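Residue numbers (my numbering), protein chains in the order written: chain L, 1 to 957; chain R, 1 to 118.
First up is the structure itself, then whatever we jot down about it.
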């Protein structure tokens, strides 16, 4: 199967569980399992190629200019990890079916799980490091969702947040490191980077890049000093812990270290940082794990410890170390996943995970006992189980490693780590399963249903098989090791054996196991010492750092962001002006290339009116009605200016938009206060004037500079003028640009307009359904109402005019392609005609005669435009390619039929729908506020007739 | 003529900025509208400004004005209507919801300002 499918399957599959949620829990698990299985089988189809030692590649250019390509690579290392991720994933899915209770939203759980799975598979198959980073961040995000899955648990939320913070920070550091690496090599493709060991290690930026990448790996793989997040992530449901912390998430860091091993390892820096961190983590994790009472916490710290072990092995930089690391990854994934699942079983059946409350489960849960014992003994390093083999190899490697000039340091610490490791394994078996049967379990423990015990039991199979017959695993592990080593070193020839003879590693192993048993004997006194010993609490330190960062951020942001819009606007304006001034004063200025055209008296008169209206607005803006009239004048003058300056289409658009805008503002002003009170001080107004004048001068200077000079490059306008008729079939170049050359832009624009209208509708609905509704109903109008709501003259006039308006709109629409006009303008004109009906005859009357809802009109418009565009696909042309023919039907003249006209119909419909929906929404607010207007078409309100004082007086006379 | 155009843009911008810096929603919306005019005219003038040469092809005519800025400005005008409508709606909704049409966060007395009007 193509690598793309393997990566994409979990992501697309993530849509399904949520959909299947209503179909029942089994259906939900079924689809998830099927999706995973499909990816798993797809992976296995590549097995023959991998076994042949070849690499499967798949490549699609995504953003080649950035070096970001969707390149996937499957070598034996990637195959190994993908096998673990998908294989253990399948077991986890089956296990989770039984584990999750009826209160848990199963669809949500499996959606997150599949997203996580996809991201993990993406990491191990990426050939492009930028792509790898994207998947890397996706695992951080999806693991956040998984860890915090039980949203009602505060520990879950805090643990998820901590995991996200730590791994997210590491991810950020890693982005920096990867970018440096890409810069050094000149390519972001892993396959290229891995060939450039000398180039990278000789570069002065090698050390920064190494540290940044290792930060990412260490945070992800919970290496000291970032180990503290992993135990807190145990608040997640057990299937998540089992999945994230045995085979996947925490192994991502290890994977990356292994992946980068050929180019990053082998230097003193790598050795010092990685080995030291691994060694500390291994010992520290093992010691803490011994004294944990929560089963999952014990396992969490043991995971930390084992990750440290693997990291240390990778750090040594020898081929044997890398092979031991790969072998231990395999072994650890099997026994640790089984142990986590078993911990979940105990929790599920006994309703507690506290070791102090357990004991004597040997007879009550025999099956679980067998599974846990085998897995834990493997972890402790008992012969004939797989953990023993890789631990021997680790001790062997440690024995040959000298750190800080001391040949003793690493072997001794490795033995101490193994000793504690054996101790907590024995404690796990001894304190949970042995001892007397108690009578105070929170629930009566018994072996779980098959769905819960089978998945861990399956994992025990490789634990035992590899332990007994290590030669079975040897070829595969060596294949993986070869892929880790690349060209940097040869695969070691050592064979996997249970008995190596009386080598030092054997004695170290014996010391560890015997010491572990002794440690368990003196566990209680040791625990007392441990409890009394002061030690730093990682969570408190972490919370302190987060708190301090938050306080710092608040101190910085709150004074700057104090919620005063006018301040932001002033700061923004000044910044823009200053930046512009800087550009002006440092850039090169050219001499004017155009001469000033003379301005006739008409233009001067228009300018005077415009400026007068603008200045009037500023001076009189407190009177809102007046300022509305003045802005109408400004708009009108701008429209006339467009006519004058050879832009008839613009003029018509501006003019019609002006009308609807004023109506809209009037509708709003119906509710808003009529006057703006004096609030700002004189000083403040002086300041604002200063800012405004600076902005005005700047825009004047900019405009004047532009107007007096020709364009630097050749404008593309000539192309449009030359091709408008030939290519677009229309003589109105503006319209042809809109519906043809730049049709895709226009398509986007009508969608924006439609969304704006729908937004207004949605806001109105929200207002009308909220507390505002009551306020509107009780609102007293602050202006006297008009005597007659629907004046007869206006009603008659608008109805007579309606067909005329429609005809004008139709004409403007049709002539649009060749004369000024088109869909936009026609839409606005028709809208105005309809608005007039609303204004004259009333909302109820008009709405009763409305045949199509405006949403539908908007939808029809966008769809028409869209389908017109899609239509060109059927003749193998790109989206929105237009075509036209000339036809002649006697006795009419020859006319043109263009697909662009159909597109224009879409524009027309969208504009009508959007404008009308906006205005209608505003009117609905108004309608709610006052008395319901009558169904009567025009004239006089009968109720007012009865109550009107005038009528009463008249009747009295 | 260029001077008149540029100064008109400058005046509209200055007035627009001044109104945007006011404290109540309505003048701010009017200010945004004025800025919209200024920006549209500015965009329009970024091509060559010619009198009496509309970009409608005719036989025998060779001088046309630049059609491209016109097409851009045409959609800009329609979109700015949509934007103004949304802003007005938000302003109106805020006023109806809180009886306050200040644009700035009010320190503590926001709810007491009955009507917020004079």
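Glycine included, every Cβ here is placed at the ideal spot set by N, Cα and C.
This one's a predicted model, so the numbers in the text were calculated from it and none came from an experiment.
Q: With 8 angstroms as the C-beta to C-beta threshold (strictly closer), list the residues of the stretch 30–45 of chain R near chain L in chain order.
A: Close to chain L, meaning a Cβ-Cβ distance shorter than 8 angstroms, are the following residues of the stretch 30–45 of chain R: 30, 33, 34, 37, 38, 40, 41, 42, 44, 45.
(Q) Assuming contact is defined by CB atoms lying nearer than 9 angstroms, are residue 309 (chain L) and residue 394 (chain L) in contact in what I supplied? (A) Yes; because the gap between Cβ atoms is below 9 angstroms, this pair is in contact.
Q: Consult DSSP for residue 73 (chain L) and reduce its assignment to one of helix, strand or coil.
A: Under the three-state reduction of DSSP, residue 73 (chain L) is assigned to strand.
Q: State the start and end residues of the unbroken beta strand (DSSP E) segment that holds residue 896 (chain L).
A: Where residue 896 (chain L) is concerned, the enclosing beta strand (DSSP E) stretches over 895–898.
Q.
For residue 384 (chain L) and residue 53 (chain L), I'd like the C-alpha separation in whole angstroms.
A. C-alpha separation (whole angstroms): 30 angstroms.
Q) At a CB-CB cut-off below 7 angstroms, which residues of chain L make contact with residue 66 (chain R)? A) In chain order, 715, 717 make up the part of chain L whose C-beta sits under 7 angstroms from the C-beta of residue 66 (chain R).
Q: Verify whether the separation of the beta carbon atoms of residue 127 (chain L) and residue 189 (chain L) is less than 9 angstroms.
A: Taking 9 angstroms as the cut-off, the beta carbon of residue 127 (chain L) is found closer than this to the beta carbon of residue 189 (chain L).
Q: Report yes or no: is there a C-beta of chain L within less than 9 angstroms of the C-beta of residue 60 (chain R)?
A: So no, residue 60 (chain R) is outside the interface.
Q. Between the stretch 91–110 of chain R and chain L, which residues of the former have CB atoms less than 7 angstroms from a CB of the latter, in chain order?
A. Per Cβ criterion, the list reads 92, 93, 95, 96, 97, 101, 103, 104, 105.
Q | residue 19 (chain L), buried or exposed, once every other Cβ within 10 Å from all chains shown has been counted against 16 | A | Per the 10 Å Cβ criterion, exposed.
Q. Beta-carbon of residue 882 (chain L) versus every beta-carbon of chain R: anything under 9 angstroms?
A. Any Cβ of chain R closer than 9 angstroms to the Cβ of residue 882 (chain L) would place that residue at the interface, and such an atom is absent.
Q | residue 544 (chain L) versus residue 559 (chain L): straight-line alpha-carbon distance, rounded | A | Going from the Cα of residue 544 (chain L) to the Cα of residue 559 (chain L) covers about 23 angstroms.
Q | Of the residues R:77, R:94, R:106, the one placed nearest residue 771 (chain L), counting alpha carbons only | A | Ranking R:77, R:94, R:106 by Cα distance to residue 771 (chain L) puts R:94 first.
**Q.** Stretch pair the stretch 125–145 of chain L + the stretch 178–195 of chain L: three plus CB contacts closer than 8 angstroms
**A.** Counting C-beta pairs with one atom in each stretch, the stretch 125–145 of chain L and the stretch 178–195 of chain L have three or more that are closer than 8 angstroms, which means they touch.
Q: Please go through the same chain and pick out, in chain order, the residues whose beta-carbon is closer than 8 angstroms to the beta-carbon of residue 112 (chain R), but skip the five residues on each side of it.
A: Confidence in residue 112 (chain R) is poor, its pLDDT being 45 and thus under 50, which makes the residue's placement unreliable; the coordinate value appears in the next sentence. Shown here for residue 112 (chain R): not one same chain residue has a beta carbon closer than 8 angstroms to its own, the five before and five after excluded.
Q: With 9 angstroms as the threshold, decide whether the Cβ of residue 647 (chain L) is near any Cβ in chain R.
A: Yes, contact with chain R.
Q | Same chain only: Cβ atoms within 6 angstroms of residue 734 (chain L), ignoring 5 sequence neighbours per side | A | The beta carbon of residue 734 (chain L) sits closer than 6 angstroms to those of 649, all from its chain and outside the five residues before and after it, given in chain order.
**Q.** Beta carbon proximity, residue 858 (chain L) to chain R, threshold 9 angstroms
**A.** Chain R contact via Cβ: absent.
Q | Proximity to residue 588 (chain L) [Cα-Cα], best of L:490, L:657, L:705, L:567 | A | Its Cα nearest to that of residue 588 (chain L), the residue L:705 stands out among L:490, L:657, L:705, L:567.
Q) What's the gap between the Cα of residue 291 (chain L) and the Cα of residue 305 (chain L)? A) CA-to-CA, the gap between residue 291 (chain L) and residue 305 (chain L) works out to about 14 angstroms.
Q) Shortest alpha-carbon distance to residue 396 (chain L) belongs to which of L:145, L:885, L:410, L:404? A) Per the C-alpha coordinates, the member of L:145, L:885, L:410, L:404 positioned closest to residue 396 (chain L) is L:410.
(Q) Here's the rule: buried if 16 or more other CB atoms are within 10 angstroms of the residue's CB, otherwise exposed. What is residue 270 (chain L)? (A) Buried, because 16 or more other Cβ atoms sit within 10 Å of the Cβ of residue 270 (chain L).
Q: Please specify which runs of the alpha helix (DSSP H), each continuous and at least 4 residues long, are wholly inside the stretch 689–735 of chain L, giving them in chain order.
A: Counting only runs of 4 or more, we get 717–728.
Q | Residues that residue 725 (chain L) contacts on chain R, provided the C-beta gap is smaller than 8 angstroms | A | What residue 725 (chain L) touches in chain R: 57.
Q) What is the rounded straight-line gap between the Cα of residue 293 (chain L) and the Cα of residue 332 (chain L)? A) So the alpha carbons of these two residues sit roughly 22 angstroms apart.
Q: Closer than 6 angstroms by C-beta to residue 917 (chain L): which residues in its own chain qualify, once you throw out the five before and the five after it? Chain order, please.
A: Excluding residues within five positions, the ones whose Cβ falls inside 6 angstroms are 757, 761, 854.
Q.
Closer than 8 angstroms is the cut-off here; do at least three beta carbon pairs connect the stretch 614–626 of chain L with the stretch 783–797 of chain L?
A. Contact between the stretch 614–626 of chain L and the stretch 783–797 of chain L is absent: fewer than three C-beta pairs spanning the two stretches fall below 8 angstroms.
(Q) Please list, in chain order, the chain R residues whose beta carbon lies closer than 8 angstroms to that of residue 893 (chain L). (A) None at all; the shortest Cβ gap to chain R is about 16 angstroms.
Q.
I'd like to know whether the C-beta atoms of residue 641 (chain L) and residue 610 (chain L) end up nearer to each other than 9 angstroms.
A. In contact: residue 641 (chain L) and residue 610 (chain L) (Cβ atoms closer than 9 angstroms).
Q) Between residue 330 (chain L) and residue 477 (chain L), which are expected to be in contact by the criterion C-beta below 8 angstroms, what is the C-beta distance as a whole number of angstroms? A) The pair is a contact, with the Cβ atoms about 7 angstroms apart (cut-off 8 angstroms).
Q. Closest to residue 444 (chain L) by CA distance: which of L:206, L:347, L:2, L:451 is it?
A. Ranking the options by Cα distance to residue 444 (chain L), first place goes to L:347.
Q: Note down the Cα distance separating residue 552 (chain L) from residue 363 (chain L), rounded to an integer number of angstroms.
A: Cα-Cα distance, rounded: 57 angstroms.
Q: Just the chain R side, please: which residues come within less than 8 angstroms of residue 562 (chain L) by C-beta, in chain order?
A: Neighbours of residue 562 (chain L) across chain R, judged by C-beta separation under 8 angstroms: 105.
Q: Counting only the same chain and skipping the five closest in sequence on each side, list residues whose C-beta sits under 7 angstroms from that of residue 505 (chain L).
A: Within the same chain, Cβ atoms closer than 7 angstroms to the Cβ of residue 505 (chain L) are found at 392, 395, 396, 399, the five residues on either side in sequence being excluded.
Q | Interface positions of the stretch 766–792 of chain L facing chain R (Cβ-Cβ less than 8 angstroms), listed along the chain | A | Going along the stretch 766–792 of chain L in chain order, one finds 766, 767, 770, 771, 772, 775, 776 with a Cβ nearer than 8 angstroms to chain R.
Q | Span separating the alpha-carbon of residue 574 (chain L) from that of residue 49 (chain R) | A | It is roughly 29 angstroms from the alpha-carbon of residue 574 (chain L) to the alpha-carbon of residue 49 (chain R).
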